[in-house]
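As structure tokens, the structure follows; a few thoughts come after it.
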Amino acid sequence: MTHSHSAQTEPKKWIMACIDDSSLSNAVVDYAAWLAQAFGQPLEVLHTLEHPIQHNSHNHSGNLTPNQQEWLTKSLSEEDQVLNKQRIQHGKDILANAQLRLTDFQQQATQQGLNGLVEYVTKQRHGTLTDTLTDLQDNIKVLVLGMNGTQSQTIKDANKSANTIGSQIEAAIKLLHKPVLIVNQMFSTPNSIMLAFNDTPGAHLALEMICASPLCKTLKVHAVHVTDNLQKGQILIEQARQKLTTAGVTFQTALLQGQAHTALLDYQQQHNLDLTVMGAFNHGKLHTLLFGSVTAKMLQHTQKPLLLLR
Amino acid sequence: MLFSSTRQDWLGNVRGDILAGIVVALALVPEAIAFSIIAGVDPKVGLYASFAIAVIIAIVGGRAGMISAATAATALLMITLVKDHGLEYLLAASVLAGVLQILAGYLNLHTLISFISRSVMVGFLNALAILIFMAQLPELTNVTWHVYALTALGLAIIYLFPYVPKLGKIIPSPLVTIVVLTALVVYMGIDVRTIGDMGELPDTLPIFLWPDVPMTLETLWIILPYSVAIAIVGLLESLMTAQVLDEMTDTDSDKKRECKGQGVANIGSGLMGGMAGCAMIGQSIINVKSGGRGRLSTMTAGVVLLIMVVFVSDWLAIIPMAALVAVMIMVSIGTFNWNSIVEIRTNPLPATIVMLTTVIVTVGTHNLAFGVISGVVLAALFMASRLREFMLVEKTFDEATQTQTYTVIGQVFFNSTEKFTQYFDFKEVVDKVVIDVHRAHFWDISAVYALDKVVLKLRREGVDVEIIGLNQASETLMDKFAVHDKPEKIEKMMGGH
């Protein structure tokens, strides 16, 4: 009883899908809807209005006329007003498209006799993605982002073949102590999950989440651990096995050797697994500097969506 | 913290920042020389300072796109130090000012800027403009008519050249002024004072050197008053300029970091043979106008300034002072808030008095800190006297019980206690007096003391006195509890209105 009381005072938590012009936005909405449906959580589709510096007037006259400050403030704010009205309208178009997809999603769910989304809204906010996430973090249950993020227009991808990671994604994940789903392909309903498991709080959190989630009763889970210390690895895997069995999840385990990200990706390809769940950025700054971050490497090379937990 | 910055801060606006930085650098050269002359040092001191401060603040500053360099505001404070003790003491004072500014940053003194009202800020800018103009007067007195003609021509070019189609928006008009006037003077062989006559120009890159002063307490006592003044004035102008830019570009800045950054920049300047400086409102506006927004614009301004100065110092020497004076008059006109003159008719009188006091005290003392402090104190006094109006005591008499009820409403504090006492009629003979204070706010001990006095006096006249609602009223004694961010408490306190 006391628990439900305290839940009321907490802010409402949303599955938060951040979209922009990028080609992945539809997929972001779809995956977010899938998550929201599975967890029975409300869904918010968010479009952030970034304010890049734009120059319509080039004035290098370099002089100061009387009341320059007032004049400049006025003309700059008028310029911004016009630009922001355009940006807002553009964002509204993107959000209207998302709204349509969600309405379809609802209809299909009803036709199939499934529970649809409990609630879905679309919103716009001014500011960069990181600023927005800082402001909203208490209202986020799971964040859903496209791989080539909200900045794909401003950061020219030099190497198109490798995954281009939106410049803000890593910052967003590190900033937000919330699960983040990174979407990098068109939506297809996940049937199997790879749980990249190790002895870190993030990984244990991922295991807990899988055990608790109703969704995972319908999915096949592969708990995978990569280590060169097989003895210790065996113990870890055993832990995971016990928890998953108790929770009644269909699963299999694997103990792999070698470099973490290559071993994981090879395994994922072999078994054709649809989604990776893992703890993210667990190691300290020094460790990451020396050995590189497994999370960053997975982000760079994986072909499948990643659910990262901190 | 001090060094953190995003990619966007530096590379979000490369083209705009570099072009704007060059425009600013061109205008910084004459200013740095002019401010060196104000302080009474060689032009190279101001030029090295402007380079060092701009480059360092680009990295450690809290407001991207703001231009800091040698300034008039700080130069004005150094005159007697340089005259009495020489350059090395000035360098030491600059370093110490920087240390004090870093300290101010750590002590969160930037929050004090909220005491500076708009009137004080306008007064500050107007005073600064007047001081910059006055500093040009020595160049305009006891000179031949050539100087007046050249200055007038220079001003005409500065204001009219931007109207030239295409070129006017590409080539900075202060640069055109300098080139045209220099060419004219050289070609026609006019004998007027040039920058070369004012002292040594830089011919090498700046080098790190510890100021050559005895490291004694005596030295500290000599430089400390100057360092304190420089630190205060530097932070004042920097924080005000940051506010102006925040508003102008609709972006935020980190004021605490700006304080510490100004400190680091001044230490760097002092160690590179430069004088202390701060943010420059005029140059920062020019930067924004030219399209500069990021840290790169400030960095470019500093680097380009140094390149120009070191490699063309021979050419700098032949620039006539008249060209410099014209540029500085432009800066003065641009800094002055001309609307404030028109607003005198519409603004409330206290606002005008605060603004004018700030200007008069500053111009009189040549110290912007004194002007600002007088303005702030005056504004606070006006505020207190206006708050006194928000207090009254209502009187109701009940025949049956012979009871006089005084209901106190509003703000009771040191400035309104006399008025409070006057509401009570001690001569009237009644059986009982009830003082209802639940809608009053007793702000300080003066107010509590005044209430005590009233009660005592009434009792002395043979009246039974009862105070009701004292708990609510005395809760407003700010020293006893903190209201910080508790809406229900604020609500309760304001309930009296």
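Just so you know, the protein sequences line up as chains W and R, in that order.
First residue of the first sequence: 1, per the working numbering; consecutive thereafter.
First residue of the second sequence: 311, per the working numbering; consecutive thereafter.
All C-beta atoms, glycine included, are put in the ideal place defined by N, C-alpha and C.
From the options, residue whose alpha carbon lies closest to that of residue i
| i | options | result |
| --- | --- | --- |
| W/T295 | W/A247, W/F197, W/T130, W/G233 | W/F197 |
| R/D741 | R/T713, R/F361, R/F313 | R/T713 |
| R/V428 | R/K729, R/M665, R/T715, R/T731 | One detail in the question is off: residue 428 of chain R reads as Arg in this sequence, not Val. Checked all of R/K729, R/M665, R/T715, R/T731; the closest Cα to R/R428 is R/M665. |
| R/L511 | R/I683, R/A342, R/A757 | R/A342 |
| W/A33 | W/Q108, W/T65, W/H90, W/I53 | W/Q108 |
| R/I505 | R/V622, R/A330, R/I377 | R/V622 |
| W/A206 | W/V224, W/P11, W/N191, W/T65 | W/V224 |
| R/V489 | R/R567, R/A627, R/L780, R/S756 | R/A627 |
| W/H222 | W/Q259, W/L265, W/A98, W/R310 | W/L265 |
| W/Q68 | R/L702, R/I643, R/R373 | R/I643 |
| R/A459 | R/M444, R/L494, R/T675 | R/L494 |
| R/G415 | R/V339, R/S548, R/A760 | R/S548 |
| W/Y31 | W/R125, W/Q231, W/H177, W/A98 | W/A98 |
DSSP-derived helix/strand/coil call for residue i
| i | result |
| --- | --- |
| W/H271 | helix |
| R/W520 | coil |
| R/V622 | coil |
| W/D30 | helix |
| R/F692 | helix |
| W/D20 | coil |
| R/P630 | strand |
| W/M194 | strand |
| W/K160 | With a pLDDT of 38 at W/K160, under the threshold of 50, the modelled position of this residue cannot be trusted; read the value that follows with caution. Reduced to three states, the DSSP call for W/K160 is coil. |
| R/L511 | coil |
| W/H90 | helix |
| R/A374 | coil |
| W/H204 | helix |
| R/F723 | coil |
| R/A380 | coil |
| W/K178 | coil |
| W/M278 | strand |
| R/T461 | helix |
| R/W648 | coil |
| R/A586 | coil |
| W/L308 | strand |
| W/D138 | helix |
| W/L299 | helix |
| W/E44 | strand |
Where the alpha helix (DSSP H) through residue i begins and ends
| i | result |
| --- | --- |
| R/L659 | 659-675 |
| R/F313 | Segment: none, R/F313 is in no alpha helix (DSSP H) and carries neither H nor E. |
| W/F251 | Per DSSP, W/F251 belongs to no alpha helix (DSSP H); it is in the beta strand (DSSP E), 251-256. |
| W/H51 | From DSSP, W/H51 is part of no alpha helix (DSSP H); its letter is neither H nor E. |
Distance CB(residue i)-CB(residue j) smaller than 8 Å
| i | j | result |
| --- | --- | --- |
| R/A403 | R/Y536 | yes |
| R/I328 | R/L606 | yes |
| R/L555 | R/V619 | no |
| R/V351 | R/V405 | no |
| W/I19 | W/H60 | no |
| R/M585 | R/G356 | yes |
| R/V574 | R/G408 | yes |
| R/Y716 | R/D746 | yes |
| W/V142 | W/L24 | no |
| W/S396 | W/N148 | Residue 396 of chain W falls outside the range modelled here, since chain W spans only 1 to 310, and no answer is possible. |
| W/Q37 | W/G116 | yes |
| R/F361 | R/L616 | yes |
| W/L145 | W/V28 | yes |
| W/V277 | W/I173 | no |
| R/V502 | R/A636 | no |
| R/I596 | R/A337 | yes |
| R/N725 | R/S695 | yes |
Residue i, enclosing beta strand (DSSP E) - first and last residue
| i | result |
| --- | --- |
| R/H748 | 742-752 |
| W/I220 | Note that residue 220 of chain W corresponds to Lys in the displayed sequence, not to Ile. 220-226 is the extent of the beta strand (DSSP E) around W/K220. |
| W/M147 | That residue, W/M147, is in no beta strand (DSSP E); it is neither H nor E in DSSP. |
| W/K123 | 120-126 |
| R/E704 | 701-708 |
Quiz prompt | Under 8 Å (Cβ pairs) to chain W, residues found in the stretch 537-559 of chain R | solution = V554, E557, M558, T559
Practice problem: Could you list the residues in the stretch 604-621 of chain R with a C-beta less than 7 Å from some C-beta on chain W, going in chain order? | Solution: none
Quiz prompt | chain W contacts made by the stretch 332-353 of chain R, where a contact means CB separation under 9 Å | solution = I332, V333, V334, L336, A337
Exercise. Compile a chain-ordered list of the residues in the stretch 312-324 of chain R whose CB is closer than 8 Å to at least one CB of chain W.
Key: R317, Q318, G322, N323
Practice problem: Could you name the residues of the stretch 215-231 of chain W whose beta carbon sits closer than 9 Å to any beta carbon of chain R, in the order they occur along the chain? | Solution: none
Quiz prompt | Contacting positions in the stretch 465-484 of chain R - beta carbon closer than 8 Å to chain W | solution = I468, Y469, F471, P472, G478, K479, I480, I481, P482, S483, P484
Practice problem: Select from the stretch 589-601 of chain R all residues with a C-beta closer than 7 Å to any C-beta belonging to chain W, and list them in chain order. | Solution: G592, I595, I596, V598, K599, S600, G601
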